[in-house]
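In the order they appear, the protein sequences are chains A and B.
Okay, so the first sequence: first residue is 8 according to the working numbering, each after it adds one.
Okay, so the second sequence: first residue is 8 according to the working numbering, each after it adds one.
Written below as C-alpha cells is the structure these notes are about.
Number of protein chains: 2
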Amino acid sequence: MINYKAVIEYDGTEFCGFQIQPEGLRTVQGEIVKVLSRIFDKETKIAYAGRTDTRVHAANQVINFKCGEELDLYKFKWSLNLLFPKDISVKFIEKVSDTFDSRRDAIWREYSYFVVNDNYQNVFLKRYSILVCRKLNLDLMIKACKAFIGKKDFTSFCSPSDDKKNKIREVFEFEIFKNESFGLSEIFVFKIKANSFLYNMVRIIVGTLLEIGKGVRDISTIEYAFKNNNRDLAGKIVEAKGLFLTGVGYK
Amino acid sequence: MINYKAVIEYDGTEFCGFQIQPEGLRTVQGEIVKVLSRIFDKETKIAYAGRTDTRVHAANQVINFKCGEELDLYKFKWSLNLLFPKDISVKFIEKVSDTFDSRRDAIWREYSYFVVNDNYQNVFLKRYSILVCRKLNLDLMIKACKAFIGKKDFTSFCSPSDDKKNKIREVFEFEIFKNESFGLSEIFVFKIKANSFLYNMVRIIVGTLLEIGKGVRDISTIEYAFKNNNRDLAGKIVEAKGLFLTGVGYK
Numbered sequence: 008m009i010n011y012k013a014v015i016e017y018d019g020t021e022f023c024g025f026q027i028q029p030e031g032l033r034t035v036q037g038e039i040v041k042v043l044s045r046i047f048d049k050e051t052k053i054a055y056a057g058r059t060d061t062r063v064h065a066a067n068q069v070i071n072f073k074c075g076e077e078l079d080l081y082k083f084k085w086s087l088n089l090l091f092p093k094d095i096s097v098k099f100i101e102k103v104s105d106t107f108d109s110r111r112d113a114i115w116r117e118y119s120y121f122v123v124n125d126n127y128q129n130v131f132l133k134r135y136s137i138l139v140c141r142k143l144n145l146d147l148m149i150k151a152c153k154a155f156i157g158k159k160d161f162t163s164f165c166s167p168s169d170d171k172k173n174k175i176r177e178v179f180e181f182e183i184f185k186n187e188s189f190g191l192s193e194i195f196v197f198k199i200k201a202n203s204f205l206y207n208m209v210r211i212i213v214g215t216l217l218e219i220g221k222g223v224r225d226i227s228t229i230e231y232a233f234k235n236n237n238r239d240l241a242g243k244i245v246e247a248k249g250l251f252l253t254g255v256g257y258k
Numbered sequence: 008m009i010n011y012k013a014v015i016e017y018d019g020t021e022f023c024g025f026q027i028q029p030e031g032l033r034t035v036q037g038e039i040v041k042v043l044s045r046i047f048d049k050e051t052k053i054a055y056a057g058r059t060d061t062r063v064h065a066a067n068q069v070i071n072f073k074c075g076e077e078l079d080l081y082k083f084k085w086s087l088n089l090l091f092p093k094d095i096s097v098k099f100i101e102k103v104s105d106t107f108d109s110r111r112d113a114i115w116r117e118y119s120y121f122v123v124n125d126n127y128q129n130v131f132l133k134r135y136s137i138l139v140c141r142k143l144n145l146d147l148m149i150k151a152c153k154a155f156i157g158k159k160d161f162t163s164f165c166s167p168s169d170d171k172k173n174k175i176r177e178v179f180e181f182e183i184f185k186n187e188s189f190g191l192s193e194i195f196v197f198k199i200k201a202n203s204f205l206y207n208m209v210r211i212i213v214g215t216l217l218e219i220g221k222g223v224r225d226i227s228t229i230e231y232a233f234k235n236n237n238r239d240l241a242g243k244i245v246e247a248k249g250l251f252l253t254g255v256g257y258k
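Structure, rendered in C-alpha cells:
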C-alpha cells in the first residue's frame, strides 16, 4: 500500500463538521471518503490533522490515505477536484512514507479567526467572519494576547465538555493584525499556533480578547483565569463561522 | 423632498444584474426599490452610478433617492440592512443637495477584476474570481496595461451590441498587482479607473491582458486593435463573476 498526503481546503458553512457522523449528516470526511472510495472502487479510510466543528473552515487541512496503486498525482488531483463537491478542494498531493500519519505526526496547528469591525455586515465576508460593531482597541488586544503564549493549563479556555485529562497545551505564536480582504475591506485577523488545541479553545480565547478590545474586560482577568482553572472566568465563545484551520506543521 | 445618497455593496451571484428587468427577474435595483417603497409606504425610485451585469458584484455602488421625511440616518441604515436580502448591504448614507444625481454627477468609475493563478479552484474565492491555470507573466501585463491609459476610442474593446455612438472613453488609472485575499491565498487584481465604461469593456480588456500574460498574444496587438476599431482584434471576454464595481467618484 502507498501512503498519500493531501492538503485540503473547505468552506465549512454547509457541513456538520469534519468528522463522519453516525446519523449520516453531511460532513467533510464523509464527502472525501465517498469520492476516494468511488475512485479506488473500495472503501478507503482517511486520517486527518485536526477535527473542525460545524461551520468552521479550513484553508490547509492535512489528510492521508493509503491505496494499492501508484497514482499519477497531477491527473489524480484534477479528478478529485472534479468529483469533490463545490465546497471542498484539494490543493496539493504527495507520496509520503508508509508510517506518516497526518494527525499523530503533526507538531503544530495554526488557526486564524476573522473579525469585521464595522457597523454593517459585509456581504462578501459574512460566511467567513463575525461582525463586531463596537470599536476594537487593536493595541490592547495585541498586548493581551501575549498572556496566552507558552506552555499552560488551558482549562479556563476550553469547553467544559472537553474530556481530555491533560489540559496543558503550548501556544508557540499569537499574532493579531489588520488585513485588507482582497482589497475590498479591512478585517482583523487573530492567528494562533500551538502544538494542539482543546475543544473550543480558539473561539474562547478570541472571545476573551474581543471583550478586552471592546473595553468591557480587564487584561488582568486572563492571568486570573489561568490561575483558577474555571471556564466561567474567561470570555464568551465566538461563532464558529469566523474560524479557519490555516496550517499544520510536520517535522 | 430630501435627496439621499447611499453606498451599496452586493454579491451579484444570484442577481440578474443591477437594473430592473421587465420580466420580473431578481435584480439589485428591484430588491432595493422594494425595500425603500415598503419603508416609505410609497413607490420610490432610485438613480445609480453604474449598471452591472448578471453575476457582477459591487463593493461601492452609489445610488440616490428622494423622500419627504427627514431621516435618522443611523437608524435608517440599520433598518435597511435588516430588510435587505443577505446579498445586499448598505455601507453609508448621507443627505445631499437636491440636484445631486449619482449617475450624471459621477466623474469616474473604478472596477476591479480578480484572477486566481493556480491549478485548482479556491473554494472561498470561486464566486468572486476566475481561475487561470497557465502561469501569468505579471510584469508583461503591467507593461501592456499602459496602452489602455488615456482618451481613446474603445470600439475594439467593447461589445458590438453597445449602441452608444461615442465610443471614446478616458482611462485615468490602470494597476495590476498581487494581493493576499484575507491572508489565505494570492490573487491578481486588475484595477481600472475611467470617466465611464462601454458595455463589457473591462471584461474584454482583462481578457486581452490575460492572453498577453499567458504568452499567447503579443503586446503590439493592443495598438493594432485601437487603430483598426474592430472587436475581433481584441481578446476573449472573461466571465462576469470576477468583476467588482469598486468605486465611484464625484466632484
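Ideal Cβ positions, reconstructed from N, Cα and C, are used throughout, including at glycine.
The beta-carbon of K84 of chain B is placed less than 8 angstroms from the nearest beta-carbon of chain A.
Using beta-carbon distances, Q128 of chain A counts as an interface residue toward chain B, with a partner under 8 angstroms.
E21 of chain A and H64 of chain A have their C-alpha atoms some 10 angstroms from each other.
Pairwise C-beta distances place the region 191-209 of chain A in contact with the region 115-130 of chain A, as three or more of them are shorter than 8 angstroms. By the C-beta criterion, the region 15-35 of chain B is judged not to be in contact with the region 216-234 of chain A, since fewer than 3 inter-stretch pairs fall below 8 angstroms. Scanning the region 161-191 of chain A from its first residue to its last, the whole beta strand (DSSP E) runs of 3-plus residues come out as 175-188. Within chain B, the C-beta atoms nearer than 7 angstroms to that of Y17 of chain A come from V130, in chain order. Note on F184 of chain A: under 16 other CB atoms within 10 angstroms of its CB, so exposed under the neighbour-count rule. Annotated three-state conformation of F233 of chain B is helix, per DSSP. Proximity to L216 of chain B across B:F179, B:L143, B:V178 and B:K258 peaks at B:L143, based on C-alpha coordinates.
The beta-bridge partner set that DSSP reports for G157 of chain B consists of B:V178. Where N88 of chain A is concerned, the enclosing alpha helix (DSSP H) starts and stops at L80 to L90. Boundaries for K49 of chain A: no beta strand (DSSP E) harbours it, and the DSSP string shows neither H nor E there. Checking the DSSP bridge columns, you'll see Q68 of chain A partnered with A:I15. In the structure shown, R45 of chain B adopts helical secondary structure according to DSSP, grouped into three states.
DSSP places V209 of chain B within a helical segment (H, G or I) once states are collapsed to three.
Against chain A, the CB of V97 of chain B has a partner CB under 8 angstroms away; the residue lies at that interface.
For I149 of chain A, the uninterrupted alpha helix (DSSP H) run begins and ends at L145 to C152, by DSSP. According to DSSP, residue pairing for A201 of chain A in a beta bridge involves A:R116 and A:V178. By the rule that beta-carbons nearer than 8 angstroms mark a contact, S203 of chain B does not touch chain A. Counted as a single uninterrupted DSSP element, the beta strand (DSSP E) harbouring T253 of chain B occupies residues L250 to Y257. Going by C-alpha positions, E180 of chain B is about 6 angstroms away from I156 of chain B. If you draw a 10 Å sphere on the C-beta of L32 of chain B, you find fewer than 16 other C-beta atoms in it, and that means exposed.
In this model, F83 of chain B and D170 of chain B are separated by some 39 angstroms (Cα to Cα). A distance below 7 angstroms between beta-carbons, with the five flanking residues on each side excluded, links D60 of chain A to the following residues of its chain, in chain order: G24 and A247. The beta carbon of I244 of chain B sits closer than 7 angstroms to the beta carbons of N207, R210, I211 and G214 from its chain, once the five residues preceding and following it are set aside; these are given in chain order. Within the same chain, A54 and N71 come within 8 angstroms of D108 of chain A by CB-CB distance, once the 5 residues on both sides are set aside. Between G57 of chain A and Y135 of chain A, the C-beta gap is not smaller than 8 angstroms, which leaves the two residues out of contact.
Considering only A:D48, A:F47, A:L147 and A:G19, the residue with the shortest C-alpha distance to Q36 of chain A is A:G19. The alpha-carbon separation between F164 of chain A and L138 of chain A amounts to approximately 22 angstroms. Under the Cβ distance rule, D79 of chain B does not count among the residues neighbouring chain A, no pair being separated by less than 8 angstroms. According to the DSSP assignment, S96 of chain B belongs to the beta strand (DSSP E) that extends over I95 to V103. The beta carbon of I175 of chain A sits closer than 6 angstroms to the beta carbons of D160 from its chain, once the five residues preceding and following it are set aside; these are given in chain order. Identification of chain A residues near Y206 of chain B by a Cβ-Cβ cut-off of 7 angstroms yields none; the smallest Cβ-Cβ distance measures about 24 angstroms.
Taking I219 of chain B as the centre and dropping the five residues before and after it, the same chain places the C-beta of L147, M148, A151 and I226 closer than 7 angstroms to its C-beta, in chain order. Here the C-alpha atom of Y127 of chain B lies approximately 7 angstroms from the C-alpha atom of K98 of chain A.
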